[in-house]
Every structure is written in C-alpha cells, then in structure tokens.
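Colleague: Structure in structure tokens, see below.
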Amino acid sequence: MAHDHDHGHTAVKLEYQPALPIGRGKLCLWLFLSTEIMFFAGLIGTYIVLRFGAPPESWPLPHDVHLQEFIGAFNTFVLICSSVTIVLALEAARGNHAGLSKFWMVATFLLGSVFLGVKAYEYNEKFKHGIFPAKPHSLLYEKADLNYVAAVRQSLAPKSLALTEKLPELTAKRDPLLAKLDAGQALTEQDQQQFTELNRQLLPNDLQYDLVQWTELIAAKDPDQAQRRRALESLAVAIYPLRPLGKEGAEMEHHYVQMLDEEAKTVRHQMQELEKDRSLAQNELAAKKAESDALTAEIAPVQMQRDMIQKEIERLQKAETTTAATEEAPSNLVSLQPPATQPPTANPQVEKLKTELAALDAQLMPKLEAQRALLAEQQRIFEREAAFTTELKRYQGRVRLLLYTLKAAPHGLNHTFSELRLPMVIPSGNMWASTYFLLTGFHAIHVLVGLIAFVLVLFYKLDRTKAHILENVGLYWHFVDLVWIFLFPLLYLF
Amino acid sequence: MADLAPTDPRYPGHGYDPLEHGDEHGHGHGPSGVGKYVIVFLVLLGLTAVSYLVGNSQTLREKSPGVMWAAMMAVSCAKAMLVILFFMHMLWEANWKYVLTIPASMMSIFLLLMLIPDVGRRVDRYSEERWLYAAQPDSNSHAVAKAAEQHGHDKAGKSDAAGEQPAANH
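For the record, the sequence lines run as chains A and B. So for the first sequence, numbering that gives the first Met the number 0 puts the first residue at 0; every next one is plus one. So for the second sequence, numbering that gives the first Met the number 0 puts the first residue at 0; every next one is plus one.
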C-alpha cells in the first residue's frame, strides 16, 4: 500500500511549462494556419453548396468552360513535387547541408512558378473565350431567352453597321456563287476560296438578319410556345453548343447537322408555298391590269370627245367676249366706273354643247370612279407581291445561312468564327466563373505569397540555425498544397 | 541521404519535448529519413491518379455520381491526411496539435452546415418570377436529352422533347 503510494508519487513528475511546447514562430504559424483552415473551408464549403444547389442539370461540364482535367492533374503533380522538395530542403538544413538545402529551395520555387504559369495559361484560355467572373467582359448568359437574343443583336450591330457601305459590292460578288451553290453545282477551288472569304466578310450582316432577326420574328409572332422556345434555343446552340466529349457528343453533333438539313428543307417548302402565293398575286395583278386597260380603252374616246366639246365651248366663248370688248371699249375709255359685267348673251350653240358635255360627264364619271378603284386595288396587290418577294428573300437567306454557314460551323459560331465573340448560353456559367476564379484566385495569391517567402529565405545560408525558418515556410507551403488537393477534384472533376 | 534525418534535438525550432524525439526514433515509422517522404510522394501520386480516373469515368458519372463524388472526396481526405501527418510532421508532434486542429476543423464543418439551408437549398424556395431569370439547361444539352430519354421519350437529341422540358424545371 505504502509502496504503491510512493510509486505513484515518484512517477508523476510535473513540470511547469509556460506555453505550448513549440517555438513561438511555429506557434504563430499554426494559429495562422488554423484560421486559414476555416477560411478555405468556408470558401470550399460555399462552392460545394452553390454547386449542388444550382438549378437542376445546369452546372457546366469542364469541357463547356474550357477547363482541361489533365492540366489540373498536372498542377496537382507539380504541387506535390514541390511539397516533397521543400521537405527535403528542411531535412538538408537540419543535417546542416546548406548547399543541398538551397538547391531544394530553388527547385521548390521553380515548381511554384510552374504552377502559377500553368494557372495563368488556364486563366488566359478562359478569357479568350469570354469567360470572365463579371460583366462587361463576360459573354455568359444563363438561358436562351429574349434578353439573350437582344444581347446577340447588340453584339453584332456595330460590325453589321460597319458593313453597310461595302454591302452592295460584296453581295453582288457573292450572289452568283450562291446561285451556283443553290443549283447544286460544285464550286471550283478558286471560287470556293472567294466564297469563304466573302462569307466571312458578310457574316455579321448574314447573322443579324438570317439568324437573329429570324429568331426574333419567330419568338415574337409564333403562336406555339414550344416553337418560340425551340427557335431561341437553336440560336444558342448555333453560337455555342454544349456537348460532352466523345461518342455521345459526336452523335449530338450529327443530330444537329441533320436538324439543319431538315430545317432547310422545311424552309424551302415554305418558299415554294410563298412562290405559289406570289404567282397568284401576280396573276391577279395581271387580270386587274387587263381590266383597267379595257376600261381605259373605253374611257379614252369619250374623253377625247369631251375634250373636243370643251375646246369648242371655250373657242365660242372667247370669240363672244372679244366682240363685246371691242364694242364697249370707246365708251369705257374715260369712265372711272368698272364696266358692268353683262351676262353673256345666251348663245344657243354654246348651250347645246354644254348639255352634250354634261351628258358625256355623267357617262364618264362612274367609269373614272371604277378606274380609280381598280388602280388602288392594283397598288394593294402590287404591295402584297412585293411583300412576298422580300419574304422570299428572307427565307432564301435563312436557307443559305443554314446550309453554307451553320453547317460549316457545327462546333458553334464562336468556335469557327472566334473573332465574333458572341454572347453564349452556359447555364449556371456565371456562378461557375465566379466560384472558379474566386477559389483558384485565392489559392494563387497564397502560392504567390509562398514564392515571395521562398525568395526571402534564399538570401540566408540555409544551415541548421535556419532550419526553423524553413520548417515554418514549409508548413505554410504544405497547407497551400493541401488546399489544392481539395480544389482539384472539386473544380475539375466534379 | 539517411544522414539528412534530424538527429540533434538541440537545434532551434525543433520541439523541446523529449517525448517527440523518442517517438520519432524509438518506434520507427517505416523507412527513415528521405525514404518515407519518397514513399508518401508516390502514394500521393497514386491517389491523384485514382481521383483523376474516378472523375473521368463516364459510367460512374452516369450511373451513380454520388459514389463518384464521395470517392473523390475520400481520396482527397486521404491525401490531405498524408500531407498533414508526414510533410507537416503532425505525426510526430505532441498533443498540442489537437488544440489547434480540432476546433478549427469543427468550426469549418459548422460553417459548411450553416450554409446548406439558405444557400444550398435556395432553389427550393425560388418564386415563379425568380425562375424566369434562373439558369436553365437548354433542351439540346446532353443532360436534358438524357433526362428526356429516361422519362420515356422516344429519342435523345430529337428536338421534339424541347418544348416539354421547361415544366420539369419548375
């Protein structure tokens, strides 16, 4: 009992310790790291929560936002390597191998720089394709709605406007080539080159009318809601299709090209209907013209007769007034009073002609009336025909756009004609961009701070007296690696 | 290279606790010195490859994305543990490590949990008007085409399914 008691007393050797059993620098760094754990946990947690809380099926695939998994994997590899090199630097310093330690530190610095370089390449890849965290540079839209189409129109407007002057010349050059293509003839190589060039120059104008306006008209006028939606969506797909890589994507692309062909067929069919309507209108116009010509033929002799009578009356009246004037002239010469207008003596010949004229007028009036009505109707039909003609031109433009432009750009207009930089629909793309740039940006800032620390450390002789500095820098760097270990799967693979 | 391993407990910056060193050298954690770092490095590379393969597996993504996500997170946690234990020397630190890491980790988890009701489930409470401006997958996209396929529509990619989709989102 006593022995036990004694033993207990001797075993417990309490030592007073003023703080945690680590150096002050290391303690501070660990405190800092624990706040960093919470900081990044907050960021990563928010990302997870936003990503899985996004409207269903709307989070973009890596491929949709120009994110390449293997680049992310490579960066992971680089960071893991740098973690190993900095550990080796610490071990070398503890073993008092200053040169070796410096070598590993330089290696770590280079690896960190490689990571940042790859990051810069990745950012540039996004910026090139209009993926920014915010407007005005961002080209991302959440859904294909009228707001989106308006944005596309606005984006095309200045380019289309700049074309106005050259438009007639370019169109005149392209039209014969188009006519050849429409007729199903193959172009010679030179012609094909010229055609491609002209098409490229005229593209903003073509798109403004045959893609945007076409869609807007359907979206505004079509009574079928599904049709309206489909028109808006096919515009979005024409500009930036969202397809997975591989077989499925290829299949979808095939479907898309087939749909273009089908639409071209439908529009051509509608064109035939329109042409029928137009020729009906033309026939009607011709009929009305014949009718009015006949009427004119009827009216003409009567009119001539009327004119003759009119002239005769005038001649008689003139003769009468001149005789009256010569008779009265002397007596009125000194008179200050105005000459009393005498009612012209009723000339029986004039009276007779006047009744004749009235009879002719009565005969002519309804005919002239009918003629006027006919002309008005002709004008109406003519306008209708002209409307058919413009409509036909619009349909033709659409068919040509489908067959010669959209079919040539199955990966999307933004891909094939990258200089256009049209607004594109990537559902939840804005949220994706915000979170991606925020997370990777904060991480990149940490990498940058690490690199600065490395440079500062490299000024020392890295022997064992400096090992504690290396240890602290290393702890920080491992934490940066740690964050990336979570960011890589979350951002690239989820 | 084995001589690079720390041997002198008196150099500054290294812990004062004699137990720490007893731990490091007495029990032996596999290969000593540089060797263990190389092994950890190789394991980390292997785990990165695993998460890359899992993340790129189309069958897993289509059939059970939940399993895929959980697997990738598990791999990430394993990698994080390796880095913390070996590279950050937590394996050989004294008990003070728990004072710092456990509260921070708990705070992180609470933070995440607190985000879920308001941010994570925000779509549940979207008004009709809010849906008008919400992101909406276009019906030509693969995901919707697939959903349409599952719901018994004839063919994916056919534009016939297009008009019927918006109702499914609301």
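We put the beta carbon where it would ideally sit given N, CA and C, even for glycine. Given the structure is predicted, the values throughout are model-derived calculations rather than measurements.
Give me the subset of the region 105-116 of chain B whose CB atoms are less than 8 angstroms from a CB atom of chain A, sorted by chain position.
Modeller: Within the region 105-116 of chain B, the residues whose Cβ lies closer than 8 angstroms to some Cβ of chain A are M106, S107, I108, L110, L111, L114, I115, listed in chain order.
Colleague: Spatial neighbours of A:Y491 within its chain, please: C-beta separation below 7 angstroms, excluding the five flanking residues on both sides.
Modeller: P61, L66, E68, G71
Colleague: Which partner residues does A:M423 have in the DSSP bridge list?
Modeller: A:L139
Colleague: Count the other CB atoms within 10 Å of the CB of A:S159; is the residue buried (16 or more) or exposed (fewer)?
Modeller: Answer is buried; the Cβ neighbour count reaches 16.
Colleague: So what's A:T187 in DSSP terms, helix, strand or just coil?
Modeller: coil
Colleague: Check whether the region 143-151 of chain A touches the region 443-463 of chain A, taking contact to mean three or more Cβ pairs, one atom from each stretch, closer than 8 angstroms.
Modeller: no
Colleague: Give me the Cα-Cα distance between A:T404 and A:F31, rounded to the nearest whole angstrom.
Modeller: 58 angstroms
Colleague: DSSP on A:F493, reduced to helix/strand/coil?
Modeller: coil
Colleague: Is B:S126 buried or exposed, if buried means 16 or more other CB atoms sit within 10 Å of its CB?
Modeller: exposed
Colleague: With a threshold of 8 angstroms between beta carbons, is A:G41 in contact with chain B?
Modeller: yes
Colleague: What first and last residue would you give for the alpha helix (DSSP H) that runs through B:G65?
Modeller: Its alpha helix (DSSP H) spans residues 64-81.
Colleague: Are the CB atoms of B:G54 and B:M71 nearer to each other than 8 angstroms?
Modeller: yes
Colleague: Near A:Q362, which residues of its chain fall below 8 angstroms by C-beta distance, leaving aside the five closest residues on each side in sequence?
Modeller: V301
Colleague: Since I believe A:I79 is in contact with A:G473 (beta carbons under 8 angstroms), could you give me their beta-carbon distance rounded to a whole number of angstroms?
Modeller: Incorrect: roughly 14 angstroms between the Cβ atoms, too far for contact.
Colleague: A:F527: which of A:A443, A:G449, A:R463, A:E470 sits nearest, CA to CA?
Modeller: Limits of chain A in this structure are 0 at one end and 493 at the other, which puts residue 527 of chain A out of reach.
Colleague: Please report how far the alpha carbon of A:T434 lies from the alpha carbon of A:E121, in whole angstroms.
Modeller: 15 angstroms
Colleague: Cα separation between B:W130 and A:R228?
Modeller: Whole-angstrom Cα-Cα distance: 15 angstroms.
Colleague: Between A:L408 and chain B, is there a C-beta pair that is closer than 8 angstroms?
Modeller: According to the sequence shown, residue 408 of chain A is Ala rather than Leu. Answer no: the Cβ-Cβ gap between A:A408 and chain B never drops below 8 angstroms.
Colleague: Hey, does B:I83 have any beta-carbon neighbour from chain A nearer than 8 angstroms?
Modeller: yes
Colleague: Check each residue of the region 237-262 of chain A: if its Cβ is closer than 8 angstroms to any Cβ of chain B, include it; give the result in chain order.
Modeller: Listed in sequence order: P240, L241, R242, P243, G245, E247, G248, E250, M251, H254, Y255, M258.
Colleague: Going by C-alpha distance, which of A:Q395, A:M258, A:L139 is nearest A:M270?
Modeller: Proximity to A:M270 across A:Q395, A:M258, A:L139 peaks at A:Q395, based on C-alpha coordinates.
Colleague: Can you list the residues of chain B that A:S82 reaches, using a CB-CB cut of under 7 angstroms?
Modeller: V82, F86
Colleague: Can you name the start and end residues of the alpha helix (DSSP H) that A:Q370 belongs to?
Modeller: 347-399
Colleague: For the alpha helix (DSSP H) containing A:Y46, list its first residue and its last residue.
Modeller: Unbroken alpha helix (DSSP H) run through A:Y46: 23-51.
Colleague: Going by Cα to Cα distance, which pick from B:A133, B:F109, B:K96 is closest to A:R33?
Modeller: In the sequence as presented, Arg is not what sits at residue 33 of chain A; that position holds Ser. Looking at the Cα atoms, B:K96 is the closest of the given residues.
Colleague: Closer than 7 angstroms, Cβ to Cβ, to anything on chain B: give me those residues from the region 68-95 of chain A, in chain order.
Modeller: E68, A72, T75, F76, I79, S82, V83, V86, L87, E90, A91, R93, G94
Colleague: DSSP three-state label for B:G29, please.
Modeller: For B:G29, the pLDDT reaches just 43, beneath the cut-off of 50, and the residue's location in the model is therefore unreliable, leaving the point undetermined.
Colleague: Looking at the structure shown, is A:I130 part of a helix, part of a strand, or coil, going by DSSP?
Modeller: coil
Colleague: Would you decide whether B:L41 is buried or exposed? Buried here means 16 or more other CB atoms lie within 10 Å of its CB.
Modeller: exposed
Colleague: Which residues in the same chain have their Cβ closer than 7 angstroms to the Cβ of A:N204, if we skip the five residues on either side of it in sequence?
Modeller: Closer than 7 angstroms at the Cβ level, and outside the excluded window around A:N204, lie S159, L162, L166.
Colleague: Would A:P132 pass as a contact of A:F436 if the rule is Cβ separation under 8 angstroms?
Modeller: yes
Colleague: With a Cβ-Cβ cutoff of 8 angstroms, do A:L421 and A:N413 count as a contact?
Modeller: yes
Colleague: Please state if the CB of A:A40 and the CB of B:L111 are separated by a distance shorter than 8 angstroms.
Modeller: yes
Colleague: Hey, how far is the Cα of B:L43 from the Cα of A:F485?
Modeller: 13 angstroms
Colleague: Short check: CB of A:L284 to CB of A:E382, under 8 angstroms?
Modeller: no
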